[in-house]
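Going by UniProt numbering, the sequence shown opens with residue 1, and the numbers climb by one from there.
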Amino acid sequence: MPVATSSSIQRQPFQQMLGVELPPRKEKLPAPPRELAALAPQVGVPKLSFGLLETLCPRELVDRVLVEAGREGQRNRLLPPCLVVYALLMMCLSGSMGYGRLMRALASQAVRWKSPAGRSAFGKARMQLGWEVLEKLFEALAKPLGDAQLDAHCCFWRGRRVLAIDGTTFALPANQELETEFGGQIANDGSQARVGVPQARLVSLIECGTRALLALALGAYDQGEGSLARQLAKALGPGMIVLADRCFPAKTLWLLYTATGADLLWRVKSNLARRHLRELGDGSYLVNFGKRQPVQIRVIEYRRQGHPEIYRLITNLLDPVAAPAQELALLYSQRWEIELVSRELKCDQAEQAPLRSKTADGVRQEIYAHCLLHTLNRQLVYAAAARTPERDPDRISFTVAMDVLHLSLRHVKTAGRRARAELSQWAINQLVACDPLIRRARSCPRAVYRKLDHFLNRTRWRGPKSTNAPALEIILRAA
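Below, the structure is given as structure tokens:
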């Protein structure tokens with residue numbers, strides 16, 4: 001092993017030194033293996049820019065989270081952890097973009113990259129990064145956006161910030177690991193057989209006025225929405241009112257949420273909260289909720305004009321003067337904002353397709369990346385809405401904001417504070433210049449097309465996944 005010239009240990013010459021100096025011998029080193037060449041430090045991360053993604057999710061924050069999670073990396077690789085974070089956001093921004101196209105898109109921004117990294121290299125980089133980094137980044141950026149004074153008309157009700165909780169599921173690729181980790185639907189014919197692909201369940205808390213995600217709880221399909229919702233209590237506090245549908249009312253969850261100081265307005269089924277105590281002046285009434293040590297709550301019943309269905313709401317706001325039943329019934333309609341968030345995540349970002357990750361950790365990483373990207377989108381939309389007279393984020397299109405995020409990746413090649421400020425102003429101008437959304441007062445029935453097919457059930461099929469098909473032969477029929 002040769003010794004460095006600065007070392008105090010030197011080998012003794014085995015023969016007498018000559019009086020002439022020979023030029024040093026130039027030995028041709030062998031080419032590094034292909035695997036190591038892909039990891040060579042050919043480009044530094046600071047030379048790359050990720051447009052609005054980097055503006056809304058600063059690189060300093062990403063570096064700090066990487067250090068806290070112990071994922072900062074030991075050397076400057078072709079795909080260092082910081083770059084992988086932004087690459088994941090780019091992947092979620094274009095749901096149909098494969099790993100190969102994603103790596104070529106990154107290489108187009110780095111002039112010193114002789115060739116893009118391979119698909120397997122990005123897959124390994126995702127595994128090394130883990131999902132905890134995306135979770136911490138989401139928690140660092142997820143926060144309420146509405147201002148108590150400027151946005152009282154769309155984000156607050158009588159001084160309380162309006163929030164909503166709800167659950168949804170993400171379809172996953174069909175393999176044994178995801179089947180074991182997440183599970184899925186069970187047939188309702190009494191056979192208890194699994195049907196469909198594996199699914200992950202996500203329960204989220206949002207701010208209704210801005211549709212900003214505030215907290216998440218991710219689990220298996222068999223975990224109920226109520227049990228996952230307990231993890232969201234840490235994001236609640238005084239000055240908030242939480243809306244929820246019929247899947248959540250339970251005494252334990254009710255006590256957990258009210259202990260934080262938040263007010264609740266939840267819809268219940270027709271067979272719950274039936275023990276009347278006292279009628280109130282606005283038509284609502286007080287009842288006992290729960291059997292052992294019941295909690296006194298208020299029930300509001302109403303129906304919409306032209307619809308026979310009766311809605312039943314429960315709340316811990318017992319004073320009909322401070323919280324009129326008419327206002328609470330109108331307020332509950334804001335819960336639908338969280339349904340729109342689910343549509344934005346699953347239809348607009350994921351493009352109505354199953355997630356691409358085929359491992360449990362990869363699924364968690366991808367879901368948190370989608371939620372982080374949604375958070376950045378809503379922050380951009382809110383900043384644009386603040387420049388309009390109405391200050392209503394609902395008037396700014398979510399998909400147009402996605403297009404602006406995507407365009408910012410193509411036009412920006414350098415990073416810097418001045419460039420970020422100019423880019424932010426350009427993005428806001430683009431969103432403000434678009435025609436504001438004016439939604440018509442309409443209602444569409446929930447109807448689906450039902451198709452009868454004769455295909456085999458993929459879940460119950462035990463045969464081979466594929467067979468070798470013979471060459472196509474054409475047999476003409478004689479006249």
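The beta carbon of each residue, even a glycine, is placed where N, CA and C say it ideally should be.
May I have the straight-line CA-CA distance separating V197 from G290, to the nearest angstrom?
Indexing the sequence shown from 1 puts residue 197 at position 197. Indexing the sequence shown from 1 puts residue 290 at position 290. For V197 and G290, the distance between alpha carbons rounds to 37 Å.
Would you kindly work out how many angstroms separate the C-alpha atoms of K234 and T260, rounded to a whole number?
On the sequence shown, position 234 is the one that residue 234 refers to. On the sequence shown, position 260 is the one that residue 260 refers to. One Cα belongs to K234, the other to T260, and the distance between them is close to 8 Å.
Assign S49 to one of two classes, buried (16 or more other C-beta atoms within 10 Å of its C-beta) or exposed (fewer than that).
Counting from 1 along the sequence shown, the entry for residue 49 is found at position 49. Its Cβ being crowded by 16 or more others within 10 Å, S49 is buried.
Starting from the Cα of G237, find the closest Cα among E54, A262, Y302 and give me that residue.
Residue mapping note: residue 237 aligns to position 237 of the sequence shown, counting from 1. Closest option to G237, Cα to Cα, is A262.
For L423 and C434, what's the separation of their Cα atoms in angstroms?
Here residue 423 refers to the residue found at position 423 of the sequence shown. Here residue 434 refers to the residue found at position 434 of the sequence shown. Computed Cα separation, rounded: 17 Å.
Sorted by chain position, which residues of the same chain lie with C-beta nearer than 8 Å to residue 515's C-beta, five sequence neighbours on each side aside?
In this structure the chain extends from 1 to 479, so residue 515 is not present and cannot be described.
What does the Cβ neighbour count give for M90, buried or exposed, with the cut at 16 atoms within 10 Å?
Sequence index remark: in the sequence shown, residue 90 carries index 90 (1-based). It counts as buried.
In its own chain, which residues sit with a C-beta less than 8 Å from the C-beta of H406, not counting the 5 before and 5 after it?
As a position in the sequence shown, residue 406 is number 406, starting the count at 1. Here the set comprises L93, S94.
Scan the segment 262-298 and note each continuous beta strand (DSSP E) run of 3 residues or more that stays entirely inside, going in chain order.
Runs of the beta strand (DSSP E) lying entirely within the segment 262-298 and spanning at least 3 residues, in chain order: 263-267, 276-279, 285-289.
Relative to the alpha-carbon of V127, which residue among A164, G167, P81 has its alpha-carbon at the smallest distance?
The sequence position of residue 127 within the sequence shown is 127, counting from 1. Looking at the sequence shown, residue 127 is not Val but Met. The shortest Cα separation from M127 among A164, G167, P81 belongs to P81.
Which one of I165, R158, A200 has the shortest CA to CA distance from Q185?
Residue mapping note: residue 185 aligns to position 185 of the sequence shown, counting from 1. Per the Cα distances, A200.
Here's the rule: buried if 16 or more other CB atoms are within 10 angstroms of the residue's CB, otherwise exposed. What is L277?
As a working mapping, residue 277 is identified with position 277 in the sequence shown. The residue in question, L277, is exposed, as its Cβ has fewer than 16 Cβ neighbours within 10 Å.
Exposed or buried, what is L330 when buried is set at 16 or more other beta-carbons lying within 10 Å of its beta-carbon?
One-based indexing of the sequence shown puts residue 330 at position 330. By the neighbour-count rule (16 or more Cβ atoms within 10 Å), L330 is not buried but exposed.
Could you give the DSSP three-state label for S123: helix, strand or coil?
Residue numbering aside, residue 123 sits at position 123 when the sequence shown is read from its first letter. The residue you asked about is not Ser; residue 123 is Gly in the sequence shown. Of the three classes helix, strand and coil, the one that applies to G123 here is helix, per DSSP.
Please list, in chain order, all residues of the same chain as A140 whose beta carbon is under 7 Å from its beta carbon, the five residues on each side excluded.
As a first step, residue 140 must be located in the sequence shown, where it is residue number 140. Answer for A140: L61, V65, listed in chain order.
Which one or two residues does DSSP pair with V195 in a beta bridge?
Counted from its first residue, the sequence shown places residue 195 at position 195. Paired residue(s): none; V195 is not in a bridge.
Which residue marks the beginning of the beta strand (DSSP E) containing L317, and which one marks its end?
Position 317 of the sequence shown, counted from the first residue, corresponds to residue 317. For L317, no beta strand (DSSP E) run applies, since DSSP gives it neither H nor E.
Need the endpoints of the alpha helix (DSSP H) that L236 sits in, please.
Taking the sequence shown and counting its residues from 1, one reaches residue 236 at position 236. No alpha helix (DSSP H) contains L236, which DSSP labels as neither H nor E.
Can you check DSSP and say which residues form a bridge with A171?
The sequence position of residue 171 within the sequence shown is 171, counting from 1. According to DSSP, which records beta bridges pairwise, A171 is partnered with Q199.
For T55, is the classification buried or exposed, using 16 other Cβ atoms within 10 angstroms of its Cβ as the cut-off for buried?
Against the sequence shown, residue 55 aligns to sequence position 55. Buried, by the Cβ-count rule.
Report the option in L163, R364, D147, L88 whose CA atom is closest to the CA atom of M240.
Start at 1 with the first residue of the sequence shown, and residue 240 comes out as number 240. Per the Cα distances, L163.
Alpha carbon to alpha carbon, how far is A87 from Q305?
Position 87 of the sequence shown, counted from the first residue, corresponds to residue 87. Position 305 of the sequence shown, counted from the first residue, corresponds to residue 305. Going by the C-alpha atoms only, they are around 49 Å apart.
Under the DSSP definition of a beta bridge, which residues are partnered with I165?
For the purposes of this step, residue 165 is taken as the residue at position 165 of the sequence shown. Note: I165 sits in a beta bridge opposite L205.
Measure how close the beta-carbons of Y382 and L145 come, nearest whole angstrom, since I'm counting them as under 8 Å.
To locate residue 382, count along the sequence shown from 1; it is residue 382. To locate residue 145, count along the sequence shown from 1; it is residue 145. So it is a contact: roughly 5 Å between Cβ atoms.
Is G51 helix, strand or coil by DSSP?
Translated into the one-based positions of the sequence shown, residue 51 becomes position 51. Note: G51 maps to helix in three-state DSSP.
Using 8 Å as the threshold, is the C-beta distance between A229 and F248 below it?
As a position in the sequence shown, residue 229 is number 229, starting the count at 1. As a position in the sequence shown, residue 248 is number 248, starting the count at 1. Cβ atoms of A229 and F248: closer than 8 Å.
In angstroms with no decimal places, state the Cα-to-Cα distance between F182 and Y221.
The residue given as residue 182 occupies position 182 in the sequence shown. The residue given as residue 221 occupies position 221 in the sequence shown. Rounded to whole angstroms, the separation of the alpha carbons of Y221 and F182 is 6 Å.
Distance check for L255 and G463, CA to CA, integer angstroms please.
Here residue 463 is taken as the residue at index 463 of the sequence shown, counted from 1. Here residue 255 is taken as the residue at index 255 of the sequence shown, counted from 1. Taking the straight line joining both Cα atoms gives about 51 Å.
Is G95 near the ligand HEM, with its Cβ less than 7 Å from a heavy atom?
In the structure shown, the ligand HEM is absent, as is every other ligand, since no ligand is present at all.
Among the residues of its own chain, which have a CB less than 8 Å from the CB of E351, if the five just before and after it don't count?
Your numbering for residue 351 matches position 351 in the sequence shown. Correct list, in chain order: G95, S96.
L134 and V84: beta carbons closer than 8 Å?
Here residue 134 refers to the residue found at position 134 when the sequence shown is read from its first residue. Here residue 84 refers to the residue found at position 84 when the sequence shown is read from its first residue. No, the Cβ-Cβ distance between L134 and V84 is not below 8 Å.
Taking C-alpha atoms, which residue in P393, V404, A360 lies nearest to P173?
To locate residue 173, count along the sequence shown from 1; it is residue 173. The candidate whose alpha carbon is nearest that of P173 is A360.
Where Q430 and A385 are concerned, what is the direct C-alpha to C-alpha distance, given to the nearest angstrom?
As a working mapping, residue 430 is identified with position 430 in the sequence shown. As a working mapping, residue 385 is identified with position 385 in the sequence shown. Going from the Cα of Q430 to the Cα of A385 covers about 12 Å.
Here's the rule I'm using: 16 or more other beta-carbon atoms within 10 Å means buried, otherwise exposed. How should P32 be labelled?
Here the question's residue 32 lines up with position 32 in the sequence shown. Unreliable placement is indicated for P32, whose pLDDT of 34 sits below 50; the coordinate value is still reported in the next sentence. Flag for P32 reads exposed.
Have a look at R335 and L106 and give me their C-alpha separation to the nearest angstrom.
Sequence index remark: in the sequence shown, residue 335 carries index 335 (1-based). Sequence index remark: in the sequence shown, residue 106 carries index 106 (1-based). If you take the alpha carbons of R335 and L106, they lie about 39 Å apart.
Threshold first: 4 residues or longer. Then list the alpha helix (DSSP H) segments lying entirely within the segment 332-405, N to C.
336-343, 360-385
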